[in-house]
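Residue numbers (this note's numbering), protein chains in the order written: chain H, 1 to 324; chain W, 1 to 359.
Where is the CB? At the ideal position from N, CA and C, for every residue including glycine.
The structure presented is a predicted model; accordingly, all values stated were derived computationally and were not measured.
Beneath this line is the structure, given in C-alpha cells, with notes to follow.
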Amino acid sequence: MAQRFKTFLISNGPLLTTILIFIIVYIVGGQLYPAMQKSQVFFNLFINNASLLIISIGLTLVIIAKGIDLSVAGMIALTSAASAALLQTGMSAYVVIPLMLLMGIVIGFVMGWIIHYFKVQPFIVTLMGLWFARGMAYIITLTSLTINDDVYRHLALTKLYLADKAYVYIPTLIGPVLLLITFYIMKYTRLGRTVYAVGNNEESARLMGLPVGRTKLIVYSFGGFCSALGGIVFSINLLSGYGGYAPGMELDAIASVVIGGTLLTGGVGNVIGTLFGVLINGTIVTILQFNGTLSSWWTRIMVGALTLIFIGIQSLFYMRQKHS
Amino acid sequence: MNHKPPLFKRIRESKIFWPVISFLLLLVVDAVFAPGFFRIGIVEDHFYGNMINVFNNAAPLMLVAIGMTVVIATEGVDLSVGAVIAISAAMGTVLINPALGNELILNEVLAANTTNTPLWIVVLVILLGGTLCGLWNGFLVSRGKIQPMVATLILMVAGRGIAQLITNGQIMTVYYRPYWWFGNGYVFRLPVSLYIVAVVGILAWVLVRKTSIGLFIESVGINAKASFYSGVNEKNVKMFAYTFCGFCSAIAGLILSSYIHGCDANNIGLSYELDAILAVVIGGTLMSGGRFSLLASMIGALLIWTFTITMYTFGVPANALLAGRAVLVLVVVLLYSDYFSRFINRIFERKGPQHGTEI
C-alpha cells in the first residue's frame, strides 16, 4: 500500500505540485485580501480566462505529441475579426460559429499536413500560421468591429447562478466541458494513448504499427479547433473583433501548459495540470489587481519565475523516476 | 567518382545558393514592378534610397541572426532575443535619462548634449546587460540541463516585464544627440549600423572559422554526447553560444533604441526572435544543429527586410504585411523540404545516370 502510494506520488508528482501551488497561492491571496475569499472571485478566474483555458487544452495535446502551436493567439484574432465581419453582413450566428470552427480545423489540418509530410519543424510552420492568421485578420479589418448579433449578446450577457450570488456566463462552461472530454479521450481511448506514444518516440510508434501521420493530423486539427473555439468565446466576451486582440497570448498558453506539468519534449503531460496552470496564471493577475499598487509587468515576471520553479521541480521528479 | 562534382552542382549545393537566388529573385521583382526601388540619391552628406533603408533596417536583425545561428548550430534555440533587446535598450536609456516614475523631466535632461552617464559607460552597460542575459540562458541550458526552448522561454516571458521594471513602465525618450549616432549616423556616406554589422560579422567569422570554436559548435550540434566523449567541453561551448547570442542582441538593442531615439519596453525588438529564427532557417542552417553559415543567415535577414520594404513600396499596410510574410515563410520552407529537393534533383539529373546506376 505504502509502495503504491509512493509510486502514485512520484508518477503524479508534477501535477500534485501544480495543484498544491495553486492552493497555496490562492490561500495566500485570500489572507492578504479577504475579498478574494468570495466565491465570485474564484469563478471570475474561469470567466476571465475562458479562452486561455480552451486554447491551452488544444496546445497541451499538440505539445504532448511533441509539437508546438504558436498560432493560437493569431487564430483568436482571426476568428474574432472574421466572425465580427460576417455577423455585420447579417449572417446568422448559427452559420458563423460552425464556419469559424471549420476554418480553425482546416488551418490546423494544413499546418499539421505541412509539418508531417514536408518534415518541417512545427515551430516554423505554426509561426507561419500565427503571421498568416494575424495578417488575414488585419486584411479583414484594420479597426475594431462591434458585434450586435442577438445570439452573441444573449450568450454574452446571460448569467448562470451557480451558488448564491455567484455566477458564470454560458461561454465560461465551454472550457471545463472541453477539458473533461479531452481528459477522457487522452486517458481512456486508443487515440489518446496513441498521442502519448507518438510524442514519446515517433519512430517506435511507427514500428508498433500506430498511425503516426493520422494522429498528428488529428492533433493539429484539434489544436486549430480549440483556437477557433477560444476565438469565438473571446469575441463573445468582448462582443467585438479585431486583428490585434490577444497579443502574446501564445506565451501565456505555453507557460500555463508548462506550469501544468507537460514536458515540451513531448510524451508527458496532462490536461488537468493545464487547467491549474491557467488558474495559477489567473490568480497571479487577480492578486496584482487586488493589490492595485503593483504594476502589470509583475505578472510577466512572476509567470517567468514560476515557469523556472516548475521546470526545476519537473526535472527533479523525472530524475527520481529514472533512478527508481 | 573521384573527380570533383561539376561546378554547377557544387554551387547548387552550397549553403548560400538558395538564399542568394531568392534574394536576387526578389530584387528582380522589385526592378520590374517598383521602378524607383534601386534609385540611390545623395542628400546632405550621405546616400539615401530604398536599398540603403533595407541595409539600415536589417542591421539589428542581421546581428541577432549571427548570434542565433551559433545557438541553433549547437542544437538549441534562443527565444529570448527580443526580450534581451528590450532589457539592454531599457538599461541604456535609463542611464542617459534618469527621470523615473512620476518625477518631472528636467529641462537640462532634455538638452541635446547632456547625459546623466558618459556615453562609453552607457554602451558598456548595454553590452554587459545583454551578455549577462545570454550567460543566464547558457547557464540554464548547459548546467541546468533544461531544453533550450523552455530555458529561453523563461527570459522571453519575464524579460519584457524586467525591461518595464527598469524603465518604471515609462516610454523612455533620448534627447542626447551622440546616442542617436549608432542608428542614424553616417560614416563615408553609409549608415553606421552597417559598419557595426560588418565588424561583428567579421569578428564572428574569425572566431568560428579561424579558431576551433566553430568546429566545436558544429560537433556539439551534431552529437553532444559524442563530442563530450571526444574531449570537447560541450557545456562551455553551449554557454559560449548563448552568451554570444546575448551579446549580439545587446548590440541590436543599442542600434534599435538609438534609431528610434528611445525605448518602449513593450514594443522594441518585438518578434525579433521569430524573425531571427526565420533568417537562420532561410540561410539553410537546420534547426537540428550541425553545419551552419553565418553569411547565409545574414543574407536571410536581408531577404526578410527587402521583402518588407518591397511590400511597403507596393503600399501594403504594415499590419497586413504579416500575411505576406507568412507566405514567404511557406515558400522558403517548401523550398528546403526534402520533398522539394528530391524534385529539383530529379529535374537536374534527368540527363545523368538513372537511379541505381550511380555509385
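Buried/exposed call for residue i, threshold 16 Cβ in 10 Å
| i | result |
| --- | --- |
| W/G101 | Here the model assigns W/G101 a pLDDT of 49, short of 50, so the residue's position is not dependable and the matter cannot be decided. |
| W/I126 | buried |
| W/D275 | buried |
| H/H154 | exposed |
| W/I40 | exposed |
| H/I57 | buried |
| H/N291 | exposed |
| H/F46 | buried |
| W/E75 | buried |
| H/P14 | buried |
| W/P317 | exposed |
| H/Y188 | exposed |
| W/Y229 | exposed |
| W/I171 | exposed |
| W/G36 | exposed |
| H/F5 | exposed |
| H/A35 | exposed |
| W/S212 | exposed |
| W/I344 | exposed |
| H/A161 | According to the sequence shown, residue 161 of chain H is Tyr rather than Ala. H/Y161 should be labelled exposed. |
| H/Y152 | buried |
| H/F8 | exposed |
| H/T293 | exposed |
| H/K216 | buried |
| H/A2 | exposed |
| W/D264 | buried |
| H/G209 | exposed |
| H/G230 | buried |
Sheet register partners of residue i (DSSP bridge)
| i | result |
| --- | --- |
| H/S240 | H/T146 |
| W/P191 | W/Y186 |
| W/G262 | W/T173 |
| H/K159 | H/Y169 |
| W/V43 | W/H46 |
Chain H contact residues for residue i, given Cβ-Cβ distances below 9 Å
| i | result |
| --- | --- |
| W/L330 | I114, V125, M128, F132 |
| W/L165 | S295, W297, W298, I301 |
Within chain H, partners of residue i - CB distance below 8 Å
| i | result |
| --- | --- |
| W/S80 | Result: empty, since nearest Cβ-Cβ is about 10 Å, beyond 8 Å. |
| W/K145 | S315 |
| W/V333 | I114, F118, V120, I124, V125, M128 |
Chain W residues whose Cβ lies nearer than 9 Å to that of residue i
| i | result |
| --- | --- |
| H/G329 | There is no way to answer for residue 329 of chain H, as the model of chain H reaches only from 1 to 324. |
| H/T307 | V150, L153, I154, V157, A158 |
| H/R206 | Here the premise fails: no neighbours, minimum Cβ distance about 17 Å. |
Beta-carbon neighbours of residue i, restricted to chain H and to distances below 7 Å
| i | result |
| --- | --- |
| W/M149 | L264 |
Cross-chain neighbours of residue i in chain W, by beta carbon under 7 Å
| i | result |
| --- | --- |
| H/L142 | P317, N319 |
| H/I311 | I146, V150 |
| H/I139 | A320, A323 |
Neighbour list for residue i in chain W, Cβ cutoff strictly below 8 Å
| i | result |
| --- | --- |
| H/I64 | Those do not exist, as H/I64 stays about 15 Å from chain W at its closest Cβ, beyond 8 Å. |
| H/G90 | Simply none; closest approach about 25 Å. |
| H/G243 | N319 |
| H/I254 | L153 |
| H/L251 | L153, M156, V157 |
Could you list the residues in the region 125-137 of chain H with a C-beta less than 9 Å from some C-beta on chain W, going in chain order? V125, L127, M128, G129, L130, W131, F132, A133, R134, G135, M136, A137
What residues from the region 256-284 of chain H come within 9 Å of chain W, judged by C-beta to C-beta, listed N to C? V258, L263, L264, T265
May I ask you to list, following chain order, the residues of the region 15-31 of chain W that have a beta carbon less than 8 Å from some beta carbon of chain H? none
May I ask you to list, following chain order, the residues of the region 279-304 of chain W that have a beta carbon less than 7 Å from some beta carbon of chain H? V281, M287
Below 8 Å between beta carbons is the criterion; list the residues of the region 304-325 of chain W that meet it against any residue of chain H, in chain order. P317, N319, A320, L321, L322, A323, G324, R325
Would you list, in chain order, the members of the region 169-184 of chain W that have their beta-carbon closer than 8 Å to a beta-carbon of chain H? G169
Chain-ordered residues of the region 83-94 of chain W with a beta carbon less than 9 Å from chain H: none
Under 7 Å, CB to CB, which of the residues in the region 126-143 of chain W have a partner in chain H? none
Short-range partners of chain H found in the region 261-275 of chain W, where Cβ spacing is below 7 Å: L274
Answer yes if the region 87-100 of chain H comes into contact with the region 284-291 of chain W, meaning at least three C-beta pairs across the two stretches below 8 Å, and no otherwise. no
The region 94-110 of chain H: which residues have C-beta closer than 8 Å to a C-beta of chain W, in chain order? none
At a cut of 8 Å, does the region 172-188 of chain W reach the region 18-37 of chain W through at least three beta carbon pairs? no
Taking 8 Å as the cut-off, does the region 161-171 of chain H touch the region 255-274 of chain H (at least 3 CB pairs, one atom from each stretch)? no
Does the count of Cβ pairs from the region 233-240 of chain W and the region 48-68 of chain W closer than 8 Å reach three? no
On the three-pair Cβ rule with 8 Å, is the region 288-303 of chain W touching the region 118-133 of chain W? no
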